[in-house]
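Asker:
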Amino acid sequence: MYLTGKEKAWIFLYEKLPVTTAEKITYSPEDATAFAQSFSDWHVHEKLKIGDIINKPSFVSGMNNLREGVAAAETWSFAGRVALVGDACHRFTPNAGLGLNAGIQDVVFLVNHLRVLSAQTRHGIFDDKLFLNTLERYQEERREPVARDYAVASQSTRLQAWATWRDYLLARWFYSVEFVKNYLTDHGTATSFKSGLVLDFIESDEVLHGKIPWDHPLVRGALPIKTS
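Oh and the sequence shown: position 206 is 206 in UniProt numbering, straight run, nothing missing.
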């Protein structure tokens, strides 16, 4: 997996573990270098191999097991006072770039609904039952999109690592077809992204417009507190 930025580039090298594990393993810089060297003959493009890169002074490496999982529903909040968001309650593999976004969506949902709850309180003291209801609603409404994003991230990792012959064929010969990529973008990625939540009390002009409209566009003007 090869990603480029304006000043840096990232190369991700994968190897399937013999068995699934929940054990936390720490790898040394020497482990990372040795692992990268095992891919020395792999091409980044026609004139550049992994071996050409890992010998450069600017090369920096790291190594870790990819971890994934979604916590059980009853562990997303504790005693009606503490709520978990992001990696604390759902850990995604990074290949689809959805982990950070899912965590941000958790926070946006909570902030919007806690603001509503705050407007219904006196002297800044929350009603315990209403607060608990808010946390329960957070768990209920976020679990489906989290499960969907988790599945996409999990599949992306296995496709890019060619975990099975099926993954290899799909990644190498099917998903690389331009028509297929465009179809999946229009009917998969776009459908998911357009439903992204925004802080519904911040005034702002919507600057991103496309063929598919946002379900929750940014707005400018008076924004009353929503009560439902």
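For each residue, glycine too, the CB sits at the ideal point set by N, CA and C.
Count the other CB atoms, across all protein chains shown, that sit within 10 Å of the CB of Tyr138; report buried if there are 16 or more and exposed otherwise.
Answerer: Buried: at least 16 other Cβ atoms inside 10 Å.
Asker: For Phe92 and Asp149, which I take to be in contact (beta-carbon distance under 8 Å), what is that distance rounded to the nearest angstrom?
Answerer: Confirmed, Cβ separation roughly 7 Å.
Asker: In angstroms with no decimal places, state the Cα-to-Cα distance between Thr4 and His43.
Answerer: If I take the Cα positions, the gap works out to 16 Å.
Asker: Please name the residue in Arg143, Glu141, Leu170 whose C-alpha comes closest to that of Gln155.
Answerer: Measuring from the Cα of Gln155, the nearest candidate turns out to be Leu170.
Asker: Among the candidates Ala96, Leu197, Lys211, whose CA atom is the shortest distance from the CA of Ile104?
Answerer: Of the candidates Ala96, Leu197, Lys211, the one whose C-alpha sits nearest the C-alpha of Ile104 is Leu197.
Asker: Output the distance between the C-alpha atoms of Lys16 and Ala161, rounded to the nearest integer angstrom.
Answerer: Distance between the alpha carbons of Lys16 and Ala161: 7 Å.
Asker: Helix, strand or coil for Thr191, going by three-state DSSP, please let me know.
Answerer: It is helical.
Asker: Excluding five sequence neighbours on each side, which residues of the same chain lie with their C-beta closer than 7 Å to the C-beta of residue 229?
Answerer: Beyond the ends of the chain as shown, which are 1 and 228, falls residue 229; an answer cannot be given.
Asker: Among Gly80, Phe78, Ala71, which one has its Cα closest to the Cα of Asp87?
Answerer: Looking at the Cα atoms, Ala71 is the closest of the given residues.
Asker: Mind checking whether Ala34 and Ser61 have CB atoms under 8 Å apart?
Answerer: Not in contact: Ala34 and Ser61 (Cβ atoms no closer than 8 Å).
Asker: Take Asp200 as the anchor and find which of Asn55, Leu100, Lys56, Val111 has the nearest alpha-carbon.
Answerer: It is Val111 whose Cα lies nearest to the Cα of Asp200.
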